[in-house]
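Structure first, then comments.
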Amino acid sequence: PHAGSVESKNEATMSELVPEPRQKPAVPMKPMGINTSLLGYIGIDTIIEQMRKKTMKTGFDFNIMVVGQSGLGKSTLVNTLFKSQVSRKSSGWNREEKIPKTVEIKAIGHVIEEGGVKMKLTVIDTPGFGDQINNENCWEPIEKYINEQYEKFLKEEVNIARKKRIPDTRVHCCLYFISPTGHSLRPLDLEFMKHLSKVVNIIPVIAKADTMTLEEKTEFKQRVRKELEVNGIEFYPQKEFDEDLEDKTENDKIRQESMPFAVVGSDKEYQVNGKRVLGRKTPWGIIEVENLNHCEFALLRDFVIRTHLQDLKEVTHNIHYETYRAKRLNGNGGLPPMTVETEENHESNL
Amino acid sequence: QNVGCRTLSLSAHVGFDSLPDQLLRKSIKHGFYFNILCIGETGIGKSALMSSLFNTNFEDSPSTHFLSSVRLRAQTCELQESNVLLKLTVVKTVGFGDQVNKADTYQPIVDYIDAQFEAYLEEELKVIRSLFSYHDTRIHVCLYFISPTGRSLKTIDLLTMRSLDSKVNIIPVIGKADSISKSELQEFKKKIMSELVSNGIRIYQLPTDDETVSEINTITNGYLPFAVVGSMEKVKVGNKMVRARQYPWGIVKVENESHCDTVKLRRMLCTNMEDLKEKTRSYYESYRRCRLEKLGCRDIGPENKPVSLQEVIEAKRLEFCLEMERKEEEIKQRFLQRVNEKTAMLEEAEQQASMPVLTKYARLMLMHQEEELKLEEKKKILEDEIAQFIEKKAITVSIQSQVSVSTPVVSLK
């Protein structure tokens, strides 16, 4: 048996942006026998390893939705995020395909593995959003899809003989692509985010950010933040769900300075300074996607994947899903009666 | 649900391998719960063992042997080791095996375990719930203390364990094992295990499916039931203070694996907390299934599923609505009642306040009227007198004028 702390083990696999698990301050002596220093090692801290083993065995589900007008680079960005062809762009869809007349929901699932961690990633694309002449209520199919996933989960949870691990198809994160006009948000953007920020975690991103200079970018971001605030739109990470001071300071910085992330996506590699980097080649230079001086893709990637992935899932499960469930059990509360969609809408890469 | 999902290879490091660490960080923040139930006769060493296992004082005031039924006493404490905070709850039976008639001894224990399941189920079925921050009181492991008779299991042991083996993980231990010699111990353990098997009692066995631990676990499984010794006191051995029991013939060291199995038990509990909790969840699911079926819900076939689901949801919703209505009605009634009371009070006060004024006024009026009448009367009387006087005067004047001519002054009488 070893004595002492186990911190070192946990640090090795974490990236530089993940804060270290802080030591909990020693608990003061209470009459009921709280130990600040156990004489001799007991072994309670092995529970961490047990949990780690368990989670690695069962694997994770993650469902990410991308919303925005066509041509904003949604599919490319998702491919860049997950360093593989995960979007519908790669599943037989080509650019000559007509833009659909209504908003379609296309979900594509992949299993990816890294460092022994298996993840079932589902990318949900929404072609047709915002592309019509009359875009009134074009968020409705999206809202319907999101609620359907909550319904599926609820049905399984309420079963008498239910599965030990309920398959999770709920949308954990919705990336909303803002057009880089440099002016302000469009009415459609505000309408969508107003409606959907109440049912799903929305992360707004400024697409094709290589069309703005640094000053334009900063100004645009400030204006967008202001508009979102004025319209009462709470994007992820929502202020009210900060668990403690640590979370709050970390998230405040992200909310007030970094977001919305101005991103550029690419799946092509170029040689820059002897290294192969992902980038976009233009007559005036190569825009490096993962270079923080060029765009904020790396920030978005670290935020969504390396630090807040688990939190996105937890907020979806503990808050959005619970809200839906409470409404549903309270006599529908305004929700239309549900029928579970069959698997027609779910494509998969075969 | 990986059917139809292609496995994709990544072209570079994405970074989601930090996911387990993210999950662990959150778990550490929230802390962990663990609940142990100790069943054993009075004085068999439950508190001593708990104190030894976790280096924390779980002492209780010694209980009497004369309780009429078995009771359960729970103690919670927080233990910290490096960055792990564990909220440990130890529940002990009080008065187990003391009654003359032991027929229903195990019932309070079964009821207690069921009550914890029930509490969790209730929380789970609430419309607005907070499972996230719920203090889980379900029993994760039950340590059953066997008396160190050296012979075999008692009937009460078999009965109790059989009533519990479908609800909780049972780990049988031999209490006060320092009263049995080594050779007797081996025989005793063998006898116990064979009796458990022949009576169909399921006890907790360490998982042997994972190759990394299957060998160790098989060996540990072979030591069941653990022969444990606990001690509240520490004895100086060499230059250290260790938990031990001091006898004239020697010192039994609790943490010495050749003296007793206490350390083995501790290791088994700590390294398998997650597995114990997992199995507890399965027991909970069985409980939940039974309970919901009793409520009349059924999951017959896929077509019927949505129907019975709606019914359950409808039933719960109706119940909730009725409850809300009832509460609303109650509050309304109370409000009305208070309004009435207040109104009555105010009216009375008003009456009281206004009454003197009224009566005073009335009285004054009356007085006025009476006085007026009196005055009227007096006036009348006076007027009459005046009239009489005038008459008299007239008569007198006429008589005077007649008499003044002929006679001398004669006084008139």
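Chains as they are written, first to last, in UniProt numbering: chain Y, 1 to 350; chain L, 1 to 413.
Yeah, the Cβ is synthetic: ideal placement off N, Cα and C, and Gly gets one too.
Asked: Candidates L:Glu293, L:Val252 and L:Ser163: closest to Asp111 (chain L) by CA position; Found: L:Ser163
Asked: Selection of the stretch 291-309 of chain Y by Cβ proximity to chain L, strictly under 9 Å; Found: Arg301, Asp302, Ile305, Arg306, Thr307, His308 and Leu309
Asked: Cβ-Cβ separation, Ser84 (chain Y) to residue 428 (chain L) (assumed contact under 8 Å), whole Å; Found: Within the shown structure, residues of chain L are numbered from 1 to 413, placing residue 428 (chain L) beyond reach of any answer.
Asked: Closer than 9 Å at the beta carbon, the chain A residues around His110 (chain Y); Found: Looking at the structure shown, chain A is missing, and the protein chains on hand are Y and L.
Asked: Selection of the stretch 205-217 of chain L by Cβ proximity to chain Y, strictly under 7 Å; Found: none
Asked: Gly97 (chain L) versus Ser68 (chain L) - alpha carbon distance; Found: 10 Å
Asked: Against chain L: residues of the stretch 206-217 of chain Y by CB proximity under 8 Å; Found: none
Asked: Cβ-based neighbour list, Ala12 (chain L), same chain, cut-off 7 Å, excluding 5 preceding and 5 following; Found: none
Asked: Residue span of the alpha helix (DSSP H) that contains Glu215 (chain L), given as start and end; Found: Glu211 to Asn221
Asked: Under the three-state DSSP convention, the category Cys270 (chain L) falls into; Found: helix
Asked: Simplified DSSP state of Lys57 (chain Y), which is helix, strand or coil; Found: helix
Asked: Nearest to Pro100 (chain Y) (by Cα), restricted to the options Y:Ile112, Y:Ala298, Y:Pro127 and Y:Tyr176; Found: Y:Pro127
Asked: Contacts of Ile128 (chain L) in chain Y (Cβ-Cβ under 7 Å); Found: Ala326
Asked: Rounded C-alpha distance that separates Asn201 (chain Y) from Lys313 (chain Y); Found: 9 Å
Asked: Exposure label - Phe129 (chain Y); buried when at least 16 CB within 10 Å; Found: buried
Asked: CB contact below 7 Å: Asp111 (chain L) versus chain Y; Found: no
Asked: Per-residue contacts from Gln52 (chain Y) into chain L (C-beta, under 7 Å); Found: Residue identity differs from the one stated: residue 52 (chain Y) is Arg in this sequence, not Gln. Neighbours of Arg52 (chain Y) on chain L, chain order: Pro20 and Leu24.
Asked: Inter-residue Cα distance where the pair is Ile294 (chain Y) and Lys226 (chain Y); Found: It should be noted that the sequence gives His, not Ile, for residue 294 (chain Y). Their backbone Cα atoms lie some 24 Å apart in a straight line.
Asked: Partner residues on chain Y for Met273 (chain L), Cβ-Cβ distance less than 7 Å; Found: Ile47 and Gln50
Asked: Chain Y contact residues for Lys265 (chain L), given Cβ-Cβ distances below 9 Å; Found: First, the residue type needs correcting, since residue 265 (chain L) is Leu and not Lys in the sequence shown. Ordered by position in chain Y, no residue passes the 9 Å Cβ test against Leu265 (chain L), which lies about 11 Å from the chain.
Asked: Span separating the alpha-carbon of Tyr147 (chain L) from that of His110 (chain Y); Found: Note that residue 147 (chain L) corresponds to Ser in the displayed sequence, not to Tyr. Cα-Cα distance, rounded: 57 Å.
Asked: Close beta carbons around Met56 (chain Y), own chain, < 7 Å, minus the five adjacent residues each side; Found: Gly116 and Val117
Asked: Start and end residues, alpha helix (DSSP H) containing Asn147 (chain Y); Found: Glu140 to Val158
Asked: Through-space distance from Thr160 (chain L) to Thr105 (chain L), alpha-carbon basis; Found: 8 Å
Asked: Glu227 (chain Y) - containing alpha helix (DSSP H), residue span; Found: Leu214 to Val230
Asked: Closest Cα partner of Arg138 (chain L) within the set L:Lys294, L:Ile381 and L:Lys279; Found: L:Lys279
Asked: Alpha helix (DSSP H) segment containing Val110 (chain L), residue limits; Found: Gln107 to Leu125
Asked: Residues within the stretch 245-264 of chain L neighbouring chain Y, beta-carbon criterion of under 7 Å; Found: none
Asked: Arg22 (chain Y) classed as buried or exposed, judged by whether at least 16 other C-beta atoms fall within 10 angstroms; Found: Since pLDDT at Arg22 (chain Y) reaches only 34, below the 50 mark, its modelled position is unreliable, and the value read off the structure follows with that caveat. That one is exposed.
Asked: For Val67 (chain Y) and Cys174 (chain Y), the rounded distance between their alpha carbons; Found: 7 Å
Asked: Of the residues L:Thr220, L:Val70, L:Gln186 and L:Gly230, the one placed nearest Lys253 (chain L), counting alpha carbons only; Found: L:Gly230
Asked: Whole-number beta carbon distance between Phe241 (chain Y) and Val205 (chain Y), since they are thought to touch under 8 Å; Found: Actually they do not touch by this definition, with Cβ atoms about 20 Å apart.
Asked: Touch test, the stretch 264-271 of chain Y against the stretch 66-82 of chain Y, Cβ-Cβ under 8 Å, three pairs minimum; Found: yes
Asked: Endpoints, the beta strand (DSSP E) within which Phe34 (chain L) is located; Found: Phe32 to Ile39
Asked: Short Cβ contact (7 Å threshold) for Met119 (chain Y) with Phe16 (chain L); Found: yes
Asked: Cutoff 7 Å: Glu227 (chain Y) Cβ touching any chain L Cβ; Found: no
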